[in-house]
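For the sequence shown, position 62 (counting from the first letter as 1) is numbered 1521 according to the numbering used here, and the numbering increases by one without interruption.
Backbone N, C-alpha and C define an ideal beta-carbon position, used for all residues, glycine too.
A quick write-up on the structure given underneath.
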Amino acid sequence: MKFRSVSDSVTSEHPRVTPPMRFSVRVAEWLLDSPRLGDSRNAKHLAGRLLKQPAREGVVAAQSRLGQLMCRECGNARDRRIGQDLLRQAARAGDRRAQRELGLLED
């Protein structure tokens, strides 16, 4: 019994092109930058959840904003330390906002 081989065009995966900024990051930034919503605990919580996965995947803008959020808003030392680590990663990647925030934290 002969099996047909599957052509390369069917099995080859096309490389995914990731956009520079994901939709969830844009929504989270809109929530945090909104004058009315930005002060709400619920909006900050939702923004943090939206930023978490992109920050893990190395999206610099997400690392920067989530790091700021965790350093400013979280009450325990563990979350602040994680926030500082995220800010360091974003600062190493060249994010000016993260570099400025780290400078303020270390002073």
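| Asked | Found |
| --- | --- |
| Cβ-Cβ distance between alanine 1536 and leucine 1546 below 8 Å | no |
| Beta carbon of proline 1513 nearer than 8 Å to that of valine 1486 | no |
| C-beta atoms of alanine 1506 and leucine 1528 nearer than 8 Å | yes |
| Residue environment, glutamate 1560, which counts as buried when at least 16 other CB atoms sit within 10 Å | buried |
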